[in-house]
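J.:
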Amino acid sequence: MTNPLLSERTLPFELPPFAAISDEDFEPAFEEALAAARAEIDAIAKCPEAPSFENTIEALELAGKELSDVLSVFFLLASVESNPKREELQRSFSPRLAEYSSDVMMNVPLFERVDRLWQQRDTLDLSAEQARLLELSHRGFRRSGAALDEAGRARLREINTRLAKLGTSFAQNLLADERDWFMPLAEADLEGLPGFVVDAARAAGAEKGADGPVVTLSRSVIVPFLQFSPRRDLRKRAYEAWTSRGANGGQTDNRELVAEMLALRHERAQLLGYENFAAYRLEPEMAKTPQAVRDLLMQVWEPALERAKADAFYLERELVIEGADMPIEAWDWRYYSGIWRRKKHDLDEAELKPYLQLDRMIEAAFDCATRLFKLEFTPLEIDLHHPDARAWEVTRDGQHMAVFIADYFARSGKRSGAWCSAMRSQEKLAGDIRPHVLNICNFAKPAEGAPALLSYDDARTLFHEFGHALHQMLSDVTYQTLSGTSVPRDFVELPSQLYEHWLEVPEVLRRFATHAETGEPMPQEMLERVLAAATFDMGFQTVEFIASALVDLEFHDGPPPADPMQKQAEILEGIGMPSAIRMRHATPHFAHVFSGGGYASAYYSYMWSEVMDADAFEAFEEAGDPFDPKTAEALEKNILSVGGLREPDELYTAFRGRLPGVEALLKGRGLIAAE
Ligand SMILES: [Zn+2]
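As structure tokens, then:
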């Protein structure tokens with residue numbers, strides 16, 4: 002029997018045959034595809050002809066296609082539908098992939114070919130896109146150690162393999178801590194909780210196989226619980242479990258892994274000739290240097306801290322009103338800020354929620370894309386990786402643009418958080434390939450037959466991930482390496498964060514925020530309250546974010562700390578972190594930075610991108626229409642369709658005519674007054 006992962010794809014749009022794939026297929030498919038990829042690389046390195054752009058750079062682009070097809074399916078399933086078998090496979094694949102990647106990127110004859118092309122670049126008559134690809138390829142080899150001597154390459158290889166292993170363990174430990182912990186709620190513990198929180202707790206209980214409602218560590222369950230439960234003791238217990246993920250001692254403790262990873266990253270950076278990991282990591286980013294990052298974070302830190310302190314004063318007043326005269330603690334903040342929000346803006350999450358139906362919010366995200374970029378969405382009836390997942394065909398003027406797959410509900414075995422990935426990226430080298438784009442979220446699943454309702458934050462997340470999806474769907478380049486979201490990390494959040502702004506356009510809410518039972522649109526005065534409350538509690542949110550971003554930066558900008566937890570405490574003390582607010586992600590569960598390391602010394606990039614998204618949306622405001630066709634066209638032409646074709650500052654300047662300052666962000670977050 003042929004392996005369904007390797008056989009020709011016969012489903013519409015060449016989607017993977019999920020229904021035919023079993024866990025037993027992965028190992029043999031992986032072996033075969035990996036061997037094929039190695040043979041292809043070998044053939045390029047040993048090519049008897051003199052190096053040309055086609056026989057070297059383009060050949061590299063085309064190598065390993067089968068492997069990436071197998072892995073895109075495997076990693077999707079391992080992250081959204083994990084099981085012990087898949088975890089075991091991931092543990093065995095990840096060091097071997099790191100080894101393969103080292104073998105390619107440290108292949109001396111291969112690098113010599115790329116290097117020769119790089120030396121001749123001015124005489125090769127390359128297009129702008131080809132020149133960019135050659136530049137990135139050469140830089141990639143250099144940054145991966147291809148120019149090192151043999152001993153250096155051998156050590157680098159060891160470091161890479163070890164880091165890959167540690168990153169996988171970090172993620173798996175976190176998943177285990179999230180899966181194992183839950184807090185049963187007795188009927189009396191439900192008092193004061195709005196219906197949707199009770200429903201989510203009951204659904205979580207059913208999912209865990211418990212007798213009654215439970216609180217789990219899934220953000221969509223625990224955050225509403227912290228917002229609404231009047232029971233300080235329960236809030237404290239849940240909060241402490243949530244914030245000690247990865248730091249519970251025993252087999253799933255991540256703290257020692259972190260120390261080792263930081264030391265290995267530092268060693269790798271020095272081996273490659275950089276002062277430390279942050280200097281190495283930031284070189285290809287828009288920010289370029291640790292100091293540029295620190296400058297941005299500190300420009301925002303002071304106003305954010307001031308705002309949070311002012312807010313704490315009001316929250317503590319609520320405690321006094323309740324007769325509890327004590328300082329506010331971390332497990333209190335969300336609860337009292339909810340009470341204060343209801344007073345100040347007369348806005349109650351429970352009152353708002355019936356207006357934010359998942360299906361209507363999907364429609365809203367689609368409709369904005371239709372108005373801005375003329376994209377149309379048609380549901381597809383097709384077997385996917387899980388019954389909760391749905392797919393649409395995306396077209397423009399009748400032309401196929403992409404397949405969009407969304408998997409919105411939380412469940413056990415699904416990695417927490419929300420993200421966008423592509424199972425296949427846009428390119429034209431291997432034919433006119435259009436992307437398969439995924440949005441994965443962790444919204445609370447409704448009870449059987451009830452409509453799925455979102456919090457306002459959830460709705461923003463949906464728009465955010467859809468913004469990333471657009472960056473993939475609108476991509477129009479030749480080479481996959483430059484396609485879609487293949488841009489520097491501190492630029493990649495621009496399309497996603499920018500898209501969140503359309504949720505706040507009043508006419509979008511008016512049309513799509515309709516009541517789940519009555520179908521009535523959100524009343525005008527409520528809509529005004531929602532928009533007015535958009536910057537509510539931004540002091541808290543900004544402080545918890547910057548604290549995480551700074552700890553991440555300082556961990557990597559200097560010699561590695563022997564005791565990261567102590568270093569974390571020192572950094573927080575140094576910036577005057579208020580005791581009632583904690584890091585958005587503390588080190589032992591900071592998956593952005595330690596599971597795989599994609600955001601290592603780059604967590605700041607959300608804020609860096611926000612500087613641009615606030616300023617970019619102002620372009621639509623200045624045009625007097627949030628759907629201004631000319632501005633949308635400029636956005637697509639200069640940013641959304643061109644991936645990593647040019648340096649981000651050039652892309653942004655092409656769109657806006659200049660680079661942005663920090664003011665639009667401070668205004669957008671309500672940290673300084675808008676004029
Ligand atoms: Zn994002």
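Heads up: take any position in the sequence shown, counting from 1, add 1, and you land on the numbering used here.
Even for Gly, the Cβ is constructed at its ideal location relative to N, Cα and C.
Grab the span of the beta strand (DSSP E) containing arginine 670 for me, first residue to last.
T.: Locating residue 670 in the sequence shown gives position 669, where the first residue counts as 1. Segment: none, arginine 670 is in no beta strand (DSSP E) and carries neither H nor E.
J.: Restricting to Cα atoms, I'd like to know which of Leu551, Arg87, Glu394 is closest to lysine 415.
T.: Within the sequence shown, the letter at position 414 stands for residue 415. Considering only alpha carbons, the answer is Arg87.
J.: What's the C-alpha gap between asparagine 277 and valine 663?
T.: One-based indexing of the sequence shown puts residue 277 at position 276. One-based indexing of the sequence shown puts residue 663 at position 662. C-alpha separation (whole angstroms): 27 Å.
J.: Starting from the Cα of serine 417, find the closest Cα among Glu113, Glu82, Tyr607, Ala51 and give me that residue.
T.: In the sequence shown, the residue the question calls residue 417 occupies position 416. The shortest C-alpha separation from serine 417 is found at Glu82.
J.: Here's a check: name, in chain order, each residue in its chain whose Cβ is nearer than 6 Å to the Cβ of serine 484, leaving out the five neighbours to either side.
T.: Numbered from 1 along the sequence shown, position 483 holds the residue referred to as residue 484. Same-chain partners within the cutoff: Ser426, Gln427, Glu428, Ser476, Val478, Gly644.
J.: What does the shell around ligand 1 hold, if a residue joins when its beta-carbon is under 6 Å from any heavy atom?
T.: Spelled out in chain order, the answer is His465, His469, Glu494, Ser497.
J.: Shortest alpha-carbon distance to glutamine 121 belongs to which of Met107, Glu136, Pro110?
T.: For the purposes of this step, residue 121 is taken as residue 120 along the sequence shown, with counting starting at 1. Looking at the Cα atoms, Glu136 is the closest of the given residues.
J.: Is the separation between the beta-carbon of proline 85 and that of threonine 162 shorter than 8 Å?
T.: Within the sequence shown, residue 85 is the residue found at index 84, counting from 1. Within the sequence shown, residue 162 is the residue found at index 161, counting from 1. No.
J.: State the CB to CB distance for the pair histidine 346 and alanine 211, rounded to an integer number of angstroms; the pair is presumed to be in contact (CB under 8 Å).
T.: Taking the first residue of the sequence shown as position 1, residue 346 is located at position 345. Taking the first residue of the sequence shown as position 1, residue 211 is located at position 210. Not quite, the Cβ-Cβ distance comes to about 36 Å (not below 8 Å), so this is no contact.
J.: By the DSSP assignment, the alpha helix (DSSP H) with arginine 238 in it spans what residues?
T.: Working through the sequence shown from its first residue, we reach residue 238 at position 237. 233-244 is the extent of the alpha helix (DSSP H) around arginine 238.
J.: Does the structure place the region 252-264 close enough to the region 183-195 that three or more beta carbon pairs sit under 8 Å?
T.: Result no; under three Cβ-Cβ pairs closer than 8 Å.
J.: Can you give the Cα-Cα distance for phenylalanine 444 and leucine 7, rounded to whole angstroms?
T.: Residue mapping note: residue 444 aligns to position 443 of the sequence shown, counting from 1. Residue mapping note: residue 7 aligns to position 6 of the sequence shown, counting from 1. Between phenylalanine 444 and leucine 7, the C-alpha separation is close to 33 Å.
J.: Within a Cβ cutoff of 8 Å, which residues of the same chain sit near threonine 519, ignoring the five residues on either side of it in sequence?
T.: Numbered from its first residue, the sequence shown carries residue 519 at position 518. Correct list: empty, nothing qualifies.
J.: Kindly give me the distance between the Cβ atoms of proline 565 and threonine 588, rounded to whole angstroms, as I take these residues to be in contact under 8 Å.
T.: As a working mapping, residue 565 is identified with position 564 in the sequence shown. As a working mapping, residue 588 is identified with position 587 in the sequence shown. So it is a contact: roughly 6 Å between Cβ atoms.
J.: Could you tell me which uninterrupted alpha helix (DSSP H) segments, each at least 4 residues in length, are contained entirely in the region 145-223, listed from first to last along the chain?
T.: The region 145-223 contains these whole alpha helix (DSSP H) runs: 151-181, 196-209.
J.: In the DSSP assignment, what residue or residues form a beta bridge with leucine 454?
T.: Locating residue 454 in the sequence shown gives position 453, counting from the first residue. Beta-bridge pairing links leucine 454 to Gln358.
J.: With DSSP as the reference, identify every bridge partner of arginine 425, one or two as the case may be.
T.: Start at 1 with the first residue of the sequence shown, and residue 425 comes out as number 424. Paired residue(s): His437.
J.: Please report the straight-line C-alpha distance between aspartate 538 and glutamate 526, rounded to a whole angstrom.
T.: In the sequence shown, residue 538 corresponds to position 537, counting from 1. In the sequence shown, residue 526 corresponds to position 525, counting from 1. Cα to Cα, aspartate 538 sits roughly 21 Å from glutamate 526.
J.: Is arginine 585 near phenylalanine 546, with beta carbons less than 8 Å apart?
T.: The residue labelled residue 585 in the question sits at position 584 within the sequence shown. The residue labelled residue 546 in the question sits at position 545 within the sequence shown. Their beta carbons are under 8 Å apart, which means arginine 585 touches phenylalanine 546 by this criterion.
J.: Can you list, in chain order, the residues of its chain whose CB lies under 7 Å from that of methionine 402, leaving out five sequence neighbours each side?
T.: Position 401 of the sequence shown, counted from the start, is the residue given in the question as residue 402. Excluding residues within five positions, the ones whose Cβ falls inside 7 Å are Leu376, Val395, Thr396, Arg435, Met474.
J.: Note the first and the last residue of the continuous beta strand (DSSP E) segment covering histidine 401.
T.: One-based indexing of the sequence shown puts residue 401 at position 400. First-last of the beta strand (DSSP E) with histidine 401: 400-410.
J.: Helix or strand or just coil, what does DSSP make of phenylalanine 556?
T.: In the sequence shown, counting from the first residue as 1, residue 556 sits at position 555. Of the three classes helix, strand and coil, the one that applies to phenylalanine 556 here is helix, per DSSP.
J.: Pull up the CB-CB distance for leucine 306 and valine 294, whole angstroms please, since I reckon it's below 8 Å.
T.: Here residue 306 refers to the residue found at position 305 when the sequence shown is read from its first residue. Here residue 294 refers to the residue found at position 293 when the sequence shown is read from its first residue. Actually they are not in contact, since the Cβ atoms of leucine 306 and valine 294 sit about 18 Å apart, beyond 8 Å.
J.: For the beta strand (DSSP E) that threonine 396 lies in, which residues bound it at each end?
T.: Here residue 396 is taken as the residue at index 395 of the sequence shown, counted from 1. First-last of the beta strand (DSSP E) with threonine 396: 391-397.
J.: For asparagine 56, which three-state DSSP category applies?
T.: Position 55 of the sequence shown, counting from 1, holds the residue named residue 56. In this structure, asparagine 56 counts as helix in the three-state DSSP scheme.
J.: Out of curiosity, what's the CA-to-CA distance linking phenylalanine 334 and histidine 590?
T.: As a first step, residue 334 must be located in the sequence shown, where it is residue number 333. As a first step, residue 590 must be located in the sequence shown, where it is residue number 589. First, the amino acid is wrong: residue 334 is tryptophan here, not phenylalanine. The straight-line gap from Cα to Cα measures roughly 21 Å.
J.: Which residue marks the beginning of the beta strand (DSSP E) containing arginine 380, and which one marks its end?
T.: Position 379 of the sequence shown, counting from 1, holds the residue named residue 380. Note on identity: in this sequence residue 380 is proline, with arginine being the wrong assignment. Taken as a continuous stretch (DSSP letters only), the beta strand (DSSP E) holding proline 380 covers 377-381.
J.: Give the range of the alpha helix (DSSP H) segment to which lysine 344 is assigned.
T.: Indexing the sequence shown from 1 puts residue 344 at position 343. Per DSSP, lysine 344 belongs to the alpha helix (DSSP H) from 334-345.
J.: For phenylalanine 618, I'd like the list of residues in its chain whose CB is within less than 7 Å of its CB, leaving aside the five on either flank, ordered along the chain.
T.: Along the sequence shown, one-based indexing puts residue 618 at 617. Around phenylalanine 618: Leu499, His502.
J.: My output table needs one value for phenylalanine 591: the three-state DSSP class, helix, strand or coil.
T.: Translated into the one-based positions of the sequence shown, residue 591 becomes position 590. Of the three classes helix, strand and coil, the one that applies to phenylalanine 591 here is coil, per DSSP.
J.: Taking the alpha helix (DSSP H) that arginine 117 falls in, what are its first and last residues?
T.: Residue 117 sits at position 116 when you count from the first residue of the sequence shown. Element bounds for arginine 117: 109-120.
J.: Take the Cβ of phenylalanine 595 as the centre, count every other Cβ of all protein chains shown within 10 Å, and call the residue buried at 16 or more, exposed below.
T.: As a first step, residue 595 is located in the sequence shown; it is residue number 594 there, counting from the start. That one is buried.
J.: Can you tell me the Cα-Cα spacing of threonine 217 and glutamine 481, whole angstroms?
T.: Position 216 of the sequence shown, counted from the start, is the residue given in the question as residue 217. Position 480 of the sequence shown, counted from the start, is the residue given in the question as residue 481. Their Cα atoms are separated by approximately 39 Å.
J.: What three-state label does DSSP hand threonine 515 in the structure shown?
T.: Sequence index remark: in the sequence shown, residue 515 carries index 514 (1-based). Looking at threonine 515 - three-state DSSP - the assignment turns out to be strand.
J.: Quick check on the burial criterion: 16 or more other C-beta atoms within 10 angstroms. Buried or exposed for threonine 632?
T.: Within the sequence shown, numbered from 1, the residue matching residue 632 stands at position 631. Buried.
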